[in-house]
Amino acid sequence: MKFRWSPAPPQPFLAGKLAAQLKISPLLTQCLLNRGFSEPAAIESFLEPRLKSLADPFLLPNMAAAVERLLRAREQNEPLVIFGDYDVDGVTSTALLTEVLRALGWQVNFYLPNRMDEGYGLSADGVENCLKRFPVKLLLAVDCGSTAVETIASLRVRGVGVIVLDHHQVSTPAPDAMALVNPQLSTCNLPPTTNFTELCSAGLAFKLAHALMKRGREINLPGAAEFDLKPLLDLVALGTIADLVPLTGENRILVTAGLERLNTTRRAGIVALKQVAQSPAKLGTYDVGFQLAPRLNAAGRLETAEESLHLLLAENLADALPLAQNLDLRNRERQKIEKTIVEEVIGMVRSKFDAQRDFVIVEGQLLWHIGVVGIVASRVLSEFYRPTIIIGGESGQMRGSGRSIAGFDLAAALRECDDLLLRHGGHAMAAGLSIAPDKIDGLRQRLNQLARHRLRLEDLQPSLRLDAEVGLAEISFESLADLEKLKPTGQGNPGVQFCARQLTQARPVQRMGGTKQHVKMWIKDGPVTHEAVWWNAGDRPLPEGKFDLAFAPAVNEFNGRRTVQLKVLDWRAA
Numbered sequence: 038m039k040f041r042w043s044p045a046p047p048q049p050f051l052a053g054k055l056a057a058q059l060k061i062s063p064l065l066t067q068c069l070l071n072r073g074f075s076e077p078a079a080i081e082s083f084l085e086p087r088l089k090s091l092a093d094p095f096l097l098p099n100m101a102a103a104v105e106r107l108l109r110a111r112e113q114n115e116p117l118v119i120f121g122d123y124d125v126d127g128v129t130s131t132a133l134l135t136e137v138l139r140a141l142g143w144q145v146n147f148y149l150p151n152r153m154d155e156g157y158g159l160s161a162d163g164v165e166n167c168l169k170r171f172p173v174k175l176l177l178a179v180d181c182g183s184t185a186v187e188t189i190a191s192l193r194v195r196g197v198g199v200i201v202l203d204h205h206q207v208s209t210p211a212p213d214a215m216a217l218v219n220p221q222l223s224t225c226n227l228p229p230t231t232n233f234t235e236l237c238s239a240g241l242a243f244k245l246a247h248a249l250m251k252r253g254r255e256i257n258l259p260g261a262a263e264f265d266l267k268p269l270l271d272l273v274a275l276g277t278i279a280d281l282v283p284l285t286g287e288n289r290i291l292v293t294a295g296l297e298r299l300n301t302t303r304r305a306g307i308v309a310l311k312q313v314a315q316s317p318a319k320l321g322t323y324d325v326g327f328q329l330a331p332r333l334n335a336a337g338r339l340e341t342a343e344e345s346l347h348l349l350l351a352e353n354l355a356d357a358l359p360l361a362q363n364l365d366l367r368n369r370e371r372q373k374i375e376k377t378i379v380e381e382v383i384g385m386v387r388s389k390f391d392a393q394r395d396f397v398i399v400e401g402q403l404l405w406h407i408g409v410v411g412i413v414a415s416r417v418l419s420e421f422y423r424p425t426i427i428i429g430g431e432s433g434q435m436r437g438s439g440r441s442i443a444g445f446d447l448a449a450a451l452r453e454c455d456d457l458l459l460r461h462g463g464h465a466m467a468a469g470l471s472i473a474p475d476k477i478d479g480l481r482q483r484l485n486q487l488a489r490h491r492l493r494l495e496d497l498q499p500s501l502r503l504d505a506e507v508g509l510a511e512i513s514f515e516s517l518a519d520l521e522k523l524k525p526t527g528q529g530n531p532g533v534q535f536c537a538r539q540l541t542q543a544r545p546v547q548r549m550g551g552t553k554q555h556v557k558m559w560i561k562d563g564p565v566t567h568e569a570v571w572w573n574a575g576d577r578p579l580p581e582g583k584f585d586l587a588f589a590p591a592v593n594e595f596n597g598r599r600t601v602q603l604k605v606l607d608w609r610a611a
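Take the sequence shown: its position 422, counting from 1, is numbered 459 in the working numbering, and each next residue is one higher.
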């Protein structure tokens with residue numbers, strides 16, 4: 038795939054001025070400027086995220102109403118059920134609220150829908166099965182419910198009240214819930230430094246727990262004064278990283294503190310999960326996103342996520358370890374299913390793909406496993422760099438999941454295809470849908486029409502964001518230690534990427550890996566030589582003569598030896 042190199046505009050005067058004022062390096066300052074930070078106070082708060090900087094949870098829309106209704110349920114000894122979702126965000130937020138409410142005296146049960154039989158969110162089938170198991174009059178919907186207008190209306194008629202705690206886009210009209218706690222509703226009354234819209238449901242669950250503690254202490258709720266919220270941050274970090282929300286603002290604070298908790302947690306389920314995943318001693322966002330999260334997701338992708346929830350709520354390692362081992366097996370099964378479908382879809386698309394015509398990829402087949410269609414969509418998008426929807430399931434009603442690219446709001450586009458769909462919802466970058474098989478071709482045509490109006494051909498070539506042009510002498514142990522202050526990195530706060538020009542190879546390349554798919558090089562810039570690794574280079578052309586290199590720098594530790602290592606992103610002739 039060809040990249041468009043997009044170096045950030047250098048700002049040497051401002052970077053130098055801020056660097057001197059804040060006593061940090063100009064290179065780090067340039068990276069901060071690239072991420073939208075130009076005021077000393079904002080930079081200081083970004084570089085030193087503190088829990089005490091979290092905003093008042095009652096600033097969230099309808100939080101007060103949700104808290105009062107929950108407190109009334111506790112006072113009247115009224116049981117409630119938490120209706121969650123089957124992804125990591127839904128499972129962690131359900132676990133967090135179950136733990137808090139049970140500890141403080143609520144009668145609470147939980148229900149997670151079955152992806153295969155009930156589908157996403159407050160579906161009619163899911164709610165009916167939930168109330169058969171737990172015949173309650175109060176339901177707390179977590180990570181779902183913002184578009185469940187008909188279901189919530191029918192529950193109200195039956196005398197069942199619904200509190201919605203969710204971060205997804207809200208339907209018009211909004212569902213008539215007892216309290217709809219969703220930051221998408223309104224931000225007009227918030228301080229300029231507060232942005233709740235980036236929170237996922239795990240973050241919102243923490244805010245609800247915080248609000249309950251605040252109100253509970255005011256009314257002398259038994260246990261509220263002693264309850265410590267900090268041990269819950271491991272769950273918040275897991276859900277936030279897995280849900281790919283921006284790691285800025287409150288999310289940065291929650292994930293920074295949460296990673297510390299994840300690395301020291303005594304929560305039996307996470308200890309067991311780290312053990313089966315063979316996680317490193319110190320977890321970062323990458324390890325959480327690519328080791329822990331997929332295993333927690335595996336059960337919900339293939340059937341129900343209750344096993345993942347039981348793991349997070351397990352009280353001892355003896356109970357937790359078999360659950361974690363089973364999730365590991367399910368994850369391997371999921372990987373096999375995913376690999377088969379990815380190969381099939383990519384083969385189908387390649388056989389007919391027209392880069393000038395096909396702005397959106399929509400493919401569907403009966404019996405493609407609906408639990409992995411979202412991951413398959415991500416893989417296909419990374420291959421062709423087009424908004425992608427993959428649809429599977431059985432005849433009658435098929436279900437799909439989509440992933441998008443910058444500049445194409447997928448959820449908004451699906452709203453313009455409402456007449457072709459049975460259900461739909463989601464975000465700008467990821468969405469889900471239900472559709473009749475005979476409407477798939479029409480959906481493909483409609484989305485491509487919409488995309489051709491909203492995207493240019495150059496938008497369909499991935500951009501390679503570069504923080505700065507550097508000389509290799511600038512990449513040292515000292516500068517990399519300074520750049521560590523940007524962590525945790527992820528969505529909204531990407532890891533640093535640089536380019537260097539007029540480089541040469543210092544010595545012959547070395548092939549690595551079982552099929553020699555990786556390449557190690559030694560890159561020379563004047564008197565400085567650094568090791569560089571191009572993972573999965575395959576048989577692509579290697580740099581020769583004088584060339585420019587785009588890379589992500591890191592410190593590599595192997596066999597007790599530390600080296601500066603460049604991860605190759607792309608190269609071109611000088």
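Positions of the beta carbon are idealized from the N, C-alpha and C atoms, including for glycine.
Beta-bridge partners assigned by DSSP to Ile427: Glu400 and Ser438.
When secondary structure is reduced to three states using DSSP, Thr566 falls in the strand class. Uninterrupted beta strand (DSSP E) stretches at least 3 residues long and entirely within the stretch 495-519 occur at 500-503, given in chain order. The alpha carbon of Gly198 has as its nearest neighbour, out of Ala110, Lys169 and His204, the alpha carbon of Ala110. Taking C-beta separations shorter than 7 Å and ignoring five residues to either side along the sequence, the partners of Ala414 in its chain run Thr425, Ile426, Ile427, Ser438, Gly439 and Arg440, following chain order. According to the DSSP assignment, Asn593 belongs to the beta strand (DSSP E) that extends over Phe584 to Phe595. CA-CA distance, Cys167 to Arg394, rounds to 46 Å. The Cβ atoms of Gly337 and Arg460 lie no closer than 8 Å to each other. The C-beta separation of Val325 from Ala261 comes to about 30 Å, leaving the pair out of contact by the 8 Å criterion. By the Cβ criterion, the stretch 476-483 is in contact with the stretch 443-461, since at least three pairs of Cβ atoms, one from each stretch, lie closer than 8 Å. In the three-state reduction of the DSSP assignment, Val601 falls in the strand class, which pools E and B. In terms of Cα proximity to Ala248, the closest of Val592, Leu108, Val556 and Phe588 is Leu108. In terms of CA proximity to Ile119, Leu176 leads the group Leu320, Pro545, Leu176 and Gln534.
Look at the stretch 43-114 and you find these whole runs of alpha helix (DSSP H), each 4 residues long or longer: 49-59, 63-71, 77-84 and 100-112. Around the beta carbon of Trp571, 16 or more other beta carbons lie within 10 angstroms, which makes this residue buried.
DSSP places Cys536 in the strand class (E or B) of the three-state scheme.
The Cβ neighbour count for Pro210, taken over all protein chains shown within 10 Å, is under 16; the residue is labelled exposed. DSSP, reduced to helix, strand and coil, places Leu487 within a helical segment of the structure shown. For Asp391, no pairing in a beta bridge is given by DSSP.
If one requires a minimum length of 4 residues, the alpha helix (DSSP H) runs lying completely within the stretch 303-383 are 305-314, 330-339 and 343-350, in chain order. Around Leu227, the same chain offers Ala92, Leu96 and Phe233 as residues with beta carbons nearer than 8 Å, after the five sequence neighbours per side are excluded.
The beta carbon of Gly163 lies closer than 6 Å to those of Pro150 and Glu155 in the same chain, with the five residues before and after it left out. In this structure the stretch 250-261 does not lie against the stretch 185-203, because fewer than three pairs of beta carbons, one per stretch, are closer than 8 Å. Under the DSSP assignment, Ala190 falls in the alpha helix (DSSP H) whose first and last residues are Val186 to Val194.
Each of Ala101, Ala79 and Ala305 was checked against the Cα of Met250, and the nearest Cα belongs to Ala101.
In this structure, Val186 sits near Pro212, with a CB-CB distance shorter than 8 Å. Taking a 10 Å sphere around the C-beta of Asp126, we find 16 or more other C-beta atoms and assign the residue as buried. Contact annotation: Ala510 and Leu64 have beta-carbon atoms that are not nearer than 8 Å. Here the stretch 367-382 does not lie against the stretch 305-312, with fewer than 3 beta-carbon pairs under 8 Å apart. Remark: three or more beta-carbon pairs, one from each stretch, lie closer than 8 Å, so the stretch 276-283 and the stretch 519-534 are flagged as touching.
Between Val128 and Leu333, the C-beta gap is smaller than 8 Å, which places the two residues in contact. Secondary structure within the stretch 232-294: the alpha helix (DSSP H) runs of 4 or more consecutive residues, fully enclosed, are 238-255 and 270-279 (chain order). If you draw a 10 Å sphere on the C-beta of Phe595, you find fewer than 16 other C-beta atoms in it, and that means exposed. In the three-state reduction of the DSSP assignment, Leu117 falls in the strand class, which pools E and B. Going by beta carbons, Leu586 and Cys536 fall inside the 8 Å limit. If the five residues before and after Asn485 are omitted, its C-beta is found closer than 6 Å to the C-beta atoms of Phe396 and Val397, all from its own chain and listed in chain order.
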